[in-house]
Every structure is written in structure tokens, then in C-alpha cells.
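In our numbering, the protein residues as written are 1448 to 2122. Everything on this sheet refers to the single structure shown next.
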């Protein structure tokens, strides 16, 4: 009799059913959120905070300067901007048309800081000698002061008063128009990198310990925050009284070291600080305020992000060749970007591009799949267009073994034409022929059906069920309780029960059902004992089974989730095992002596090996172990001899109990007379 575990839950406390996973082979890959699309690569495509794709602003190169890189920018009150460069320490004036004029070729390597003071006077801070230059309206430059530090990193004006941030040593200097100065604030850090004037307070961000200080009018500093990053790179004021800080980690010390992310922190007016953006790959970041939002440029990858005060982000544009070193808004609201890898000034106007494309990350369908429909949700105003292409392959990264991009799909719901494969990728093309118009794609879904693969049985075990033991080999615990089995009206008895247990997997995660077959000794054909089993274990009452060597076969089928023509199965046979519900036979021959007896014992069992034997005297509870003549109980026939001594005169009963490998107990007694 087979008893499924589910049927026996009322009988056994600690045998539980393991249901097969209910899943089909159809799979849908959906992308609709910012994080979904941010894993892809785009050219001329923006990703909105809600995840929508649309045409990005067109990046236009305004000027290319005769220098290696841009280190600083500040607006020119007369129009255009001033640009400080490296690695030759040159200062340029760039007008609104992109015409560049070299104003000053300093002897320094880098001009890190620029600001226009009262009266249009331009100040420039340098490295590695920590000089501050002043340029008048005519462009004549002079050395205003030697700071005593190696670096001048930033300037800020507070009511016309100039302050400078320096490095090695890290100080905030208060500078008069004639160049006289004093150390206004000296934190315990190597560099003061950035300054911000906000709400009648001066704020400083440092490098070395990554700190933000609030400095009052007397030069007294209060530490607001110390981050895990090495450097506070930018401080900007928010629209609602808060401060935002970009932070850059120190270079990683090795592959196994903790990777500190670049971050943007929000410092609330009440002093609470928390990150609103983090990225472990970004190395160079720059932050500017943009009304109610922030704009953040990153490297690796080179992107421009828009952040809200609570950290909602959108991708404005992904750069192809530009890595921004500085960000600055022009008077018309266009964003100016200085290059970190070349001395180019680029402008990002508010108008969008006419064309752009987006390539998704690769999706793994886990198994070879046939493709269904591709659906998307979006809007296409007049004079705009969206098309989608797909390609597929069987390598994790697209290579020459992948299919070519398919013909463009022009409508949602069309069938994917790419060949069946394990991996798939899509490409969105957007186009507009009208100024100010952009299509928008909010979500996309790709459907596929996995090729059916056969299930696999990884383990099949059967062993006697011992409810009172902590079982070796996974034997269950728990005592039988009142109830009924499936095929008779009596509770199953533990002595005749076997636990059958298995593990099986389906690559498609189809629901599996199981059929159990039996083949007895001297039989050739398998007999179906139980079918459509949903569990992964059953209890089997062998009380009504013929004794002898027996074998089980388990068949796992995915027929619940597949049509008849596509159903697959796996099967596994157990090792032969013995069904033995009969006790060993015990024969005794006792020869009495003066105060006891010598007892000869012959034990035999038709199927199982004898495991142990004991004797008792006069039905006493104390059991005495019996040793076999050959030293070990390991066969179906055993001989033993033991002596009993010290018995009082009279009649005595010697009882021998023999136990086989399946715990069947054979009992025999002999009566002796001691004179």
C-alpha cells in the first residue's frame, strides 16, 4: 500500500509534502522603469524619471581651446565665459559664438578656480604654486598674492568679500582687494576643495576626510558631516534651503577591497544628512543646481543625470566622447560643459535631437526560446517615429555569432522575427522631423516560449520509516497518530512502513507529477503502484507485500504544463532493497550445569541479515547481549553460545530475542532445571 505524504499529515507530525513549482514555459520580459532602461546604452536618448525614453538634447561643441583640458569656468558679465585650463595654465575668454581669445598664459600648470569680483575684476587660482592672479578690464594680469599653499581650488564672494579654498595646507583665506589676506578657517584636512555662500553662512567641503563645515562670520567652523568618501567635490544650494554635496571616493586599493561609491548627499536645514544618489563605477562627478532639480555629470559611463531633491533621477544624455570636468549654466539657460579629456567647451541647448537610438541590456531567457510578440506603449506625435529591432544569440555578450538586427518593427504587437535563441536584445530608434516634437516610449515587453527540456530526477531514496529515531540518512521523526491510510481502515504501523523520497528538477520550471512503479523478485515487468503524485515523498506500507528483493522506479513528467506532443519525462530506478516483515527463526539447546546452563543458539532469517541478539533470565527486564561464534552478526544464519551461571536451584526460563536488519524480532525460550 502506498500512502502519500499529503494523505498522512494527520498521522505524522514531521513529514511534509513538497509541492512542485507551478510555472509554464511562456516568459515575458518587461522594461518600464528608469532602472530597467538605465542598464542599456543610448545615443541621443533621454530616460525620464518615470522610465520613458525620448529624444535627448543635442550636444553641440561651442569651442575647442589650445589646451589639454578644462579645469574651471565662470560667466563673463559682458557675455560668454572665462575658461581656465591645464596642463599649461592658460586662461581664455570665449564669446557666445564660440570664438576663443587667450587672455593670459600663466607660468603655472593648472588654473583650478575662476571668479569675477566687484568691478568686473577676474580672479584666477593656480597650482602647483598656489598663486592668485587678478586681471583687470583690459585683460592685464598680475600676481595678487602667494597663498603659501600648493593649490587654489575654489573662490566664493560673500557681500563682495573674496574667499579662497586652498590645499596643502587646507585653508579658507579671506582676501582683500590689495591682496592682503588672513587665514579665516583652517580645518584639520589637507585640502579645502569647494566653497558655498548660503543663508548668511559660508560652507566648505574638504578632501582627505571628506567633511562639510559650516563657518560663521567670525571664522568659527562647525562640522556638519563626515562621509565615507575621500572628497567633497561640490557644494550647491537647493531651492528649499537645503545643501547638496557631491562626494568622490579614494582610488580602490584592490579588487577585494570594499568599493566606496561616488555619492550625492542632501544636507537638510535641520542638519539631517542622507545620500540621494550612489554609484560604485563613477569616478568623476560634477554637480550644479538647476531650479528645483540638480544636474550631475559622471564618468564611467559619461552621463548627465537630472536629480530631484529626494533622489529621483533621469538620464538627460549619455555622452559619446565627452567626459565633463565642469558644468555651468549660461544666461540663456543652456548648459555649458567643459571637457576633462580635451579642452572643448560644449553646449547643451534645450531643444532635442532629430534622431537617437537606445540599445537595451541583454536578457537571458535561461533556455532556448521561440519568440512571440513585441509590444510597447508610447506616444508618437505628428512628424515623429518609433521603430524597434531585435537580435538574438546564445552567448552572454553579443558577438559575431549573434543574428543581425531584425527588420524594424513599426507597430506594437508585431511578431519578433529574430531566430530562436537563449539571449535577446532590442534596439529602439527614434526620429523627429519637427522642432520641439519628440516621440516617447514608456514600456516595452518581449514574449517568448522556452523550448521544452526534459525533467531530471537527481535522487531517489527508500528506507524504513522510524518515527521515534533521529534518522540517519534523513529518516523522519514523529510518532503515528490516530487516523486512516488511503487503502485500508487501519492506521499504518511503523514496523512495515518505508519512506520513499526523491528530488527532481525541471529546467522550464514546469509543474511535475510522478508515477511510482514496483518490480518484485524474479519479475521482469514494472507494475504501476501510484500515479499523478504531486509530492516528493510517500509512505509505503509493505505489510501486504510479498517478501523478498524489491525495486522501485520513479517517473517524473511535465505533462501538466505541456500538450501531449511536447511532454517529456525522466525515470530513475532505486537500488534493490529487501521487504522483510517476518521475524528470524531461533533454535535453542540448553545443557544444564551445577548452577546454570550453556545455551547453544541457532538463528536464521530468510531475507535479512541478523543484526543482534539478547537473552533474559526469568523474564527479567535486564537484557544480556549475545556474541556470535564468528565475532560479528552479518549474515542470515548465525550461531552463538553463551553460559548462564549463579542460578539458584529450581526452574528457570531463558528467553532469547534475535533482531534482523529490518527490526523484525524472533523470540524463543528454553526451560531448565538447576539442581
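We treat Cβ as the ideally placed atom computed from N, Cα and C, and that holds for glycine.
Cβ-based neighbour list, residue i, same chain, cut-off 8 Å, excluding 5 preceding and 5 following
{"i": "residue 2153", "result": "The requested residue 2153 is not part of the displayed model; the chain covers only 1448 to 2122."}
{"i": "residue 1808", "result": "1486, 1487, 1872"}
{"i": "residue 1724", "result": "1710, 1711, 1743, 1752, 1754, 1758, 1760"}
Sub-8 Å separation of residue i and residue j beta-carbons
{"i": "residue 1708", "j": "residue 1744", "result": "no"}
{"i": "residue 2101", "j": "residue 2060", "result": "no"}
{"i": "residue 1560", "j": "residue 1519", "result": "yes"}
{"i": "residue 1794", "j": "residue 1507", "result": "yes"}
{"i": "residue 1577", "j": "residue 1557", "result": "no"}
{"i": "residue 1611", "j": "residue 1594", "result": "yes"}
{"i": "residue 2107", "j": "residue 2031", "result": "yes"}
{"i": "residue 1505", "j": "residue 1796", "result": "yes"}
{"i": "residue 1983", "j": "residue 1951", "result": "yes"}
{"i": "residue 1603", "j": "residue 1680", "result": "no"}
{"i": "residue 1811", "j": "residue 1869", "result": "yes"}
{"i": "residue 1638", "j": "residue 1614", "result": "yes"}
{"i": "residue 1697", "j": "residue 1682", "result": "no"}
{"i": "residue 1831", "j": "residue 1902", "result": "no"}
{"i": "residue 1714", "j": "residue 1671", "result": "yes"}
{"i": "residue 2042", "j": "residue 2094", "result": "yes"}
{"i": "residue 1516", "j": "residue 1788", "result": "yes"}
{"i": "residue 1601", "j": "residue 1617", "result": "no"}
{"i": "residue 1749", "j": "residue 1511", "result": "no"}
N-terminal and C-terminal residue of the beta strand (DSSP E) that residue i is part of
{"i": "residue 2089", "result": "2084-2091"}
{"i": "residue 1481", "result": "Taken as a continuous stretch (DSSP letters only), residue 1481 belongs to no beta strand (DSSP E), being part of the alpha helix (DSSP H) at 1481-1485."}
{"i": "residue 2104", "result": "2097-2107"}
{"i": "residue 1856", "result": "Neither: residue 1856 is in no beta strand (DSSP E) and is coded neither H nor E."}
{"i": "residue 2115", "result": "2112-2121"}
{"i": "residue 1843", "result": "Element bounds for residue 1843: n/a, residue is neither H nor E."}
{"i": "residue 1849", "result": "Looking at the DSSP string, residue 1849 is not in any beta strand (DSSP E), and its letter there is neither H nor E."}
{"i": "residue 2061", "result": "2057-2064"}
{"i": "residue 1600", "result": "1598-1605"}
{"i": "residue 1734", "result": "1732-1737"}
{"i": "residue 1818", "result": "1810-1826"}
{"i": "residue 1863", "result": "Unbroken run through residue 1863: none, as it is neither H nor E."}
{"i": "residue 2007", "result": "Premise fails: residue 2007 is in no beta strand (DSSP E) and is neither H nor E."}
{"i": "residue 1793", "result": "1791-1795"}
Nonlocal neighbours in the same chain, by C-beta distance under 7 Å from residue i, ignoring five residues either side
{"i": "residue 1503", "result": "1491, 1492, 1493, 1763, 1764, 1799, 1800, 1803"}
{"i": "residue 1678", "result": "1640, 1654, 1657, 1694, 1695"}
{"i": "residue 2062", "result": "2071, 2073, 2089, 2101, 2102, 2103"}
{"i": "residue 1992", "result": "2026"}
{"i": "residue 2125", "result": "Here the chain comprises residues numbered 1448 to 2122, so residue 2125 is not present and cannot be evaluated."}
Pick from the options that is closest to residue i, judged by C-alpha positions
{"i": "residue 2083", "options": "2099, 1521, 2109, 1717", "result": "2109"}
{"i": "residue 1674", "options": "1706, 1722, 1705", "result": "1722"}
{"i": "residue 2016", "options": "1751, 2025, 2006, 1992", "result": "2006"}
{"i": "residue 1876", "options": "1481, 1475, 1500", "result": "1500"}
{"i": "residue 1997", "options": "2008, 1971, 2003", "result": "1971"}
{"i": "residue 1597", "options": "2099, 1608, 1479, 1579", "result": "1579"}
{"i": "residue 1964", "options": "1668, 2021, 2043", "result": "2021"}
{"i": "residue 1867", "options": "1813, 1911, 2091", "result": "1813"}
{"i": "residue 1838", "options": "1874, 1570, 1880", "result": "1874"}
{"i": "residue 1481", "options": "2009, 2079, 1753, 1718", "result": "1753"}
{"i": "residue 1711", "options": "1864, 1625, 1735, 1665", "result": "1735"}
{"i": "residue 1588", "options": "1549, 1614, 2118", "result": "1549"}
{"i": "residue 1945", "options": "1980, 1987, 1957, 1960", "result": "1987"}
{"i": "residue 1913", "options": "2111, 1829, 1535", "result": "2111"}
{"i": "residue 1966", "options": "1724, 1999, 1600", "result": "1999"}
{"i": "residue 1948", "options": "1980, 2046, 1816", "result": "1980"}
{"i": "residue 1857", "options": "1833, 1878, 1585, 1846", "result": "1833"}
Residue i burial status per 10 Å Cβ neighbour count (16 or more: buried)
{"i": "residue 1897", "result": "buried"}
{"i": "residue 1821", "result": "buried"}
{"i": "residue 1854", "result": "exposed"}
{"i": "residue 1911", "result": "buried"}
{"i": "residue 1525", "result": "exposed"}
{"i": "residue 1474", "result": "buried"}
{"i": "residue 2008", "result": "buried"}
{"i": "residue 1773", "result": "buried"}
6 Å Cβ shell around residue i - same chain, five flanking residues per side excluded
{"i": "residue 2019", "result": "1904, 1907, 2001"}
{"i": "residue 2114", "result": "2104"}
{"i": "residue 1995", "result": "1968"}
{"i": "residue 1688", "result": "1716"}
{"i": "residue 2055", "result": "2025, 2027, 2107, 2108, 2109"}
{"i": "residue 1817", "result": "1867, 1896"}
{"i": "residue 1566", "result": "none"}
{"i": "residue 1929", "result": "Only weak support is given to the placement of residue 1929: the predicted model assigns it a pLDDT of 33, under 50, and the value that follows is read from those uncertain coordinates. Nothing meets the Cβ criterion."}
Cutoff 8 Å: residue i Cβ touching any chain C Cβ
{"i": "residue 1820", "result": "In summary, chain C is missing from the structure at hand, where a single protein chain is found."}
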